[in-house]
Structures are given as C-alpha cells and as structure tokens.
Amino acid sequence: MKHTSSLAVRRFTTRDGAFNATPARIVFGSGTSRTVRDEVAHLGCKRALVVSTPGRKTMAKQVAHTLSDLAVGVLPEAVSQVPVELARRGRVAALEAGADCIVAIGGGASVGLAKGISLELALPIVNIPTTYSGSEMTAFCGMTIDGVKIMHESRNMLAHTVIYDPELSMGLSRENSAASALNALAHCIDGIYVTSSSPIHQMAAIEGARAVVQGIRAVWNDPNSLSARSELLFGAYLAGAALAGGFALQHGLAHTLGGSFGLPHGKSHAVVLPYVTAYNTAFARNGIVRVAESLDTQNLAGTIHDLLGELQLPQSLRDVDITEADLDRIVQITVETDNGLNPGPVTSDAVSCIVRAALRGTRPN
C-alpha cells in the first residue's frame, strides 16, 4: 500500500560570520561569578582588563580582586549606546595595560564597551551580565557615531565565555528589571521572524519568550526571589541566543530612539514593541503565532501592551517625552539605517504608521 505525505520538503540556508554565532562556553548558576579566574585561565589568558559602568565600579573591583594576579586593571567608563569615542579610548587603555582579554561586568553598556574594544583588537571576551539585555550572547554591537546608533557585526565581538550568576541581579530595581526584560522579549520577537535567523535560534526565541515573561512576573512579585531571578536570567540567555540570528525593524527603531533621542535602551524597546509586532504579524504570521502560543495568547501585540501596563512601563511614546514633532526624524533615521532583514517592508509610510500608533499608545488588535 502506497502512502503519500502532505509534509513539505524543507529547505533553508543559514547566514555565517557574525550571524547565528553564539559563545562557545556558557557557565550558568548561582555563585558562578566567583569562578571568573578559572574561566580566564581556561582561555589561556593572563592579563585581563575588567570593564564596567561607573555605577558598577565596586563590582568590577571585586571581579579584579577575584582574578588576583590575572587582572591588569579596571576601566569603569562604560555608558549606554556605546559612543564610538569611548570605544576608541578603551582600545588605547587595553593596549597600554597590555591586556590579553576583556572581562565585562554589568549590563549592555559594559558588554558593549568590551565589544567596542575587541572589534579592532580581537581580544577574547568573558561577559558577566548583571541585567537581562542578552547582548552578551551576540557578535553585534550598536555604536553611536555623530548622534546615530550604527550596528556593527564582527566575530571579534563574540564572547568566548558568558558567566550567568543570578545573584548579581538581585539588587536590580523592579523598574530596571522590567525594562531589561522587555529588551530580552524584543530579542525573541525580532529573532522569530528575522530573515537571517536559523531554526535553532527560532526555537530559542519561543522558549525564551515564555521564560522571560514568566520570570519578570515572578521578579515583579518578589524581587528578592533567587529562583525568579534565575528564571528571568535563563530567559535572557535564550533571548540573546535568538538575537544571534539577526535583528530587524524592532531593533532599528529602538536604536534610533536610544542613539538619537537618548532613551534608555530597555524602555526604547518596550514602548515600540507592541506596534512593531502588530505590523510584522501580517508578514510573519507563523513565527508570531508560535511565540504567541508560548505565552498562551492569540494577540501577541495586545498582550505585550498589557504587560507594559502590568509592569508600569511606558505604553506610548508620549510617556517617554517623544512628541509629534520628533516623528519625521525618527522615521528618517530608522529607514536610512535599516538592514533589510525585516519580513515586512521598512518604508517611510510603514514606519510612520508604527510610530504614530506608538505615540497614541492605544492597544493593538
């Protein structure tokens, strides 16, 4: 008896280079940051430069103390949006210290500075994230040049090791935890439909979205719960892996708001995520539906909008002091810096509709 199948023959090609590349070594668990010396030694490195933001200087000094004779200094100068001038100063500091690797401790700003340094110097990177940004997992970095955030891609910026220690995020406020978590959720949604992504990274996006939303709700209810912090950090790890497949309009628009209008990165993602999701649903329904199912909803864009309210995050561009007079410039920069990987066309008309909907802040259907 002959059986026929209704299954389609699969066919796909994944991108190489910076795309779909993830760190070779992940160390995840409570207290794992205390193994940083072993991880640097595992790389065969002996002169680690520790980078952080000024606010994480004490934590960076503790990392240097743990590294002991393997540390050559602390550079606590990282700032959000990674100004290219700062990356250049960091390279000079690394060369003057004779560093043979970089250890980044902190959120996306610290990780970004490590990437900016290593872009040209190709030094091994050990990332120790203290937020949920996910950028520690990718070979991408947005650097601000002349007031515009430009995405850079290079395997030189891919970490060799990432150490995830949920103990380090215990002191992060509920507000900052929520904004950082929405940044991670944005990675999952961009990652599910970006045209350069691999099937493996799409699977990470689906499970990552579930873990991020479950984790941030648990953290919001009990910021002192180590298990809640661990679940959210696990979601951020998967979200970062999903982002390794590439980035699309969600990131382009968020980078415009951050690099050119000074919005904090997490809030930049949060405030436009429902509206970019609603727009791309028409062009990538299968992927959006898979993420929606992981969150037990049929309206992903609307559910994200509701989540913003639940977490007391801004639900409109007006809430973050963007006015109608700013919209034309937002549209222009976003369209001009588009990377061509969004499933739906990134035209002036399309982006204008998205940002005007975000300005109103009404719930997407």
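Mapping the sequence shown onto this note's numbering, position 311 (from 1) lands on 330, and the numbers just tick up by one. Where a beta carbon is used, it is the ideal one built from N, C-alpha and C, also for glycine.
Burial state of Q334 (16 or more Cβ within 10 Å): Classification of Q334: buried, given that the 10 Å Cβ count is 16 or more.
Classification of S246 by the beta-carbon crowding that lies within 10 angstroms, buried from 16 upward: exposed
Option nearest G74 by Cα separation, candidates A369, A128, L319, V28: A128
Sequence-distant residues of its chain with Cβ nearer than 6 Å to V103 (five each side left out): M162, I164
C-alpha gap between A301 and I341, whole angstroms: 27 Å
Opening and closing residue of the beta strand (DSSP E) in which T180 lies: 180-183
C-alpha distance - S196 paired with V28, whole-angstrom precision: 43 Å
Stretch-stretch touch, CB-based, cutoff 8 Å, three pairs: the segment 292-307 with the segment 339-356: no
Span of the alpha helix (DSSP H) around C160: From DSSP, C160 is part of no alpha helix (DSSP H) but of the beta strand (DSSP E) over 159-164.
P394 in three-state terms, based on DSSP: It is not possible to answer for residue 394, since the shown part of the chain is limited to 20 through 384.
Runs of alpha helix (DSSP H) wholly within the segment 51-102 (minimum 4 residues, chain order): 55-61, 76-86
Coil, strand or helix - I235 by DSSP: helix
Nearest candidate by alpha-carbon position, reference T356, set Q100, L268, D88, Y212: L268
Check whether T150 and G259 have beta carbons under 8 Å apart: Not closer than 8 Å, so no.
Counted within 10 angstroms of its Cβ, other Cβ atoms place E343 as buried (16 or more) or exposed: exposed
Distance CB(T379)-CB(H179) smaller than 8 Å: Note that residue 379 is Arg in the sequence shown, not Thr. Contact flag unset, no.
Close-in-space but distant-in-sequence residues of the same chain around L89 (CB under 8 Å, 5 per side omitted): R56, V59, A60, C64, K65, R66, A67
Through-space distance from G277 to V290, alpha-carbon basis: 12 Å
From P143, A116, L132, V69, residue whose alpha carbon lies closest to that of S99: When only C-alpha atoms are compared, the closest one is L132.
R107 classed as buried or exposed, judged by whether at least 16 other C-beta atoms fall within 10 angstroms: exposed
Same chain only: Cβ atoms within 6 Å of A273, ignoring 5 sequence neighbours per side: S287, H288
Inter-residue Cα distance where the pair is T296 and G92: About 43 Å.
For N146 and V181, believed in contact at Cβ under 8 Å, the rounded distance: 5 Å
Beta-bridge partners of E172, as assigned by DSSP: F159
6 Å Cβ shell around A79 - same chain, five flanking residues per side excluded: V69, S71, V93, P95, I124
Endpoints, the beta strand (DSSP E) within which I208 is located: Not the beta strand (DSSP E): I208 falls in the alpha helix (DSSP H), residues 193-212.
Exposed unless 16 or more other CB atoms sit within 10 angstroms - verdict on E139: exposed
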